[in-house]
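Trainee:
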Amino acid sequence: MKNTIAIFEIPVTEIARAISFYQNILDIEIEQMDFEGMQVGLFPSEGKMPFGVLMQNDEYIPSSNGVTIYLNAGENLQVVLDKVESAGGKTIVPKTPHADESGFFALFIDSEGNKIGLHSLG
Numbered sequence: 010m011k012n013t014i015a016i017f018e019i020p021v022t023e024i025a026r027a028i029s030f031y032q033n034i035l036d037i038e039i040e041q042m043d044f045e046g047m048q049v050g051l052f053p054s055e056g057k058m059p060f061g062v063l064m065q066n067d068e069y070i071p072s073s074n075g076v077t078i079y080l081n082a083g084e085n086l087q088v089v090l091d092k093v094e095s096a097g098g099k100t101i102v103p104k105t106p107h108a109d110e111s112g113f114f115a116l117f118i119d120s121e122g123n124k125i126g127l128h129s130l131g
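In terms of the numbering used here, the numbers along the sequence shown are unbroken and rise by one, the last being 131.
1. Report yes if the C-beta distance between LEU86 and ALA115 is below 8 angstroms; otherwise report no.
2. I'd like to know whether the C-beta atoms of ASN66 and MET42 end up nearer to each other than 8 angstroms.
3. Could you tell me the distance, in whole angstroms, from the CA atom of SER73 to the CA atom of VAL21?
4. From what residue to what residue does the beta strand (DSSP E) around ILE125 run?
5. Less than 8 angstroms between the beta carbons of GLY50 and ILE39, yes or no?
6. Output needed for TYR31: all residues of its chain with C-beta closer than 8 angstroms, excluding positions within five of it in sequence on either side, in chain order.
7. Looking only at its chain, what residues have a beta carbon closer than 7 angstroms to the beta carbon of ILE70, apart from the 5 residues adjacent to it on each side?
8. Can you tell me which of the three DSSP states TYR31 falls into?
9. Measure the CB-CB distance between GLY83 and SER54 and report whether it falls below 8 angstroms.
10. Using the Cβ count rule (16 or more neighbours within 10 Å means buried), how would you classify VAL102?
11. Report buried or exposed for ILE16, applying the criterion of at least 16 other Cβ atoms within 10 angstroms of its Cβ.
12. Hey, how far is the Cα of THR13 from the Cα of ILE78?
13. Less than 6 angstroms between C-beta atoms, sequence neighbours within five positions excluded: which residues of the same chain meet that for GLU121?
Now the structure itself:
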């Protein structure tokens with residue numbers, strides 16, 4: 010089955026702060042690049058879809074309303090969630106089992122004001 014998601018963009022107001030936040034909580038490297046009038050941070054994707062981008066320019070406005078993206082938090086999302094507040098975010102829903110018993114989820118507000126979800130099987 011094909012993924013229905015190809016690319017996701019997370020709006021940010023300060024690219025360096027957002028990159029630091031996501032690198033810290035996910036223990037990953039995010040590549041920063043500048044394109045015509047915008048700065049981006051590329052999440053690692055191993056050349057596969059979907060892939061994610063942090064986007065900073067005047068037209069991208071962070072929000073806790075609207076679509077919620079759930080990031081893969083590995084084996085146990087609590088490890089990632091425990092880093093959120095010290096990295097500048099805020100937990101809004103703690104680790105919670107999915108109603109269909111397909112794993113766990115949590116929600117947080119990132120360093121930029123976006124509502125983001127985490128998902129794990131354990």
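Note that the Cβ used here is the ideal one computed from N, Cα and C, for glycine as well.
Model, not experiment: these values are computed from the prediction.
Mentor: Working from what's here:
1. yes
2. no
3. 12 angstroms
4. 124–129
5. yes
6. ILE37, ILE39, GLY50, PHE52, LEU63, ASP119
7. PRO20
8. helix
9. no
10. exposed
11. exposed
12. 13 angstroms
13. VAL21, THR22, ALA27, PRO71
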